[in-house]
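Letter by letter, the sequence shown follows residues 4 to 99 in my numbering. Where a beta carbon is used, it is the ideal one built from N, C-alpha and C, also for glycine. Written out below as structure tokens is the structure these notes cover.
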Amino acid sequence: MNDTVLDAIRTRRTVRAMTAAATMLLAAHSLGLGAGPVTSFSRTALATVLNLPAGVRPELIICLGHAATEQPPAMRRQGARRWDDLIHWERGKVEG
Ligand SMILES: Cc1cc2nc3c(=O)[nH]c(=O)nc-3n(C[C@H](O)[C@H](O)[C@H](O)COP(=O)(O)O)c2cc1C
Numbered sequence: 004m005n006d007t008v009l010d011a012i013r014t015r016r017t018v019r020a021m022t023a024a025a026t027m028l029l030a031a032h033s034l035g036l037g038a039g040p041v042t043s044f045s046r047t048a049l050a051t052v053l054n055l056p057a058g059v060r061p062e063l064i065i066c067l068g069h070a071a072t073e074q075p076p077a078m079r080r081q082g083a084r085r086w087d088d089l090i091h092w093e094r095g096k097v098e099g
């Protein structure tokens, strides 16, 4: 397989994994559970601990649990955000 095909396969796998992760986060929320994704970890160590087969690479951990009833104060206050604040619109330049 050439690099382009391998890149396409990796991209598709990543999109699937992240879609599954987003669905799991929503499911946890709907069950009243706290959930938080983590990507900073040793992939090698986790693969060893979980005895993952060769070629299976852990991409994301989702921590699940019952959220504490008392929450620490937010680190910084944010005013109410609107969708407009989160969206950036731009068009690429058409060559030629
Ligand atoms: C894609 C993604 C990856 C993340 N990776 C980490 C991580 O590696 N370590 C970490 O402490 N928080 C990570 N976070 C943030 C945590 O999931 C969590 O939101 C953050 O620790 C704040 O938690 P808190 O609101 O309970 O304080 C990540 C968040 C996202 C969306």
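C-beta contact flag for residue i and residue j at 8 Å
i, j, result
"residue 44", "residue 64", "yes"
"residue 40", "residue 23", "no"
"residue 68", "residue 37", "yes"
"residue 17", "residue 73", "no"
Reduced DSSP category for residue i - H, G, I as helix; E, B as strand; rest coil
i, result
"residue 67", "strand"
"residue 86", "helix"
"residue 53", "coil"
"residue 27", "helix"
"residue 79", "coil"
"residue 72", "coil"
Given residue i as reference, the closest of the options once Cα atoms are compared
i, options, result
"residue 30", "49, 66 and 90", "66"
Identity of the residues DSSP links to residue i by a beta bridge
i, result
"residue 118", "In the structure displayed, the chain extends from 4 to 99; residue 118 sits before or after that span and is not available."
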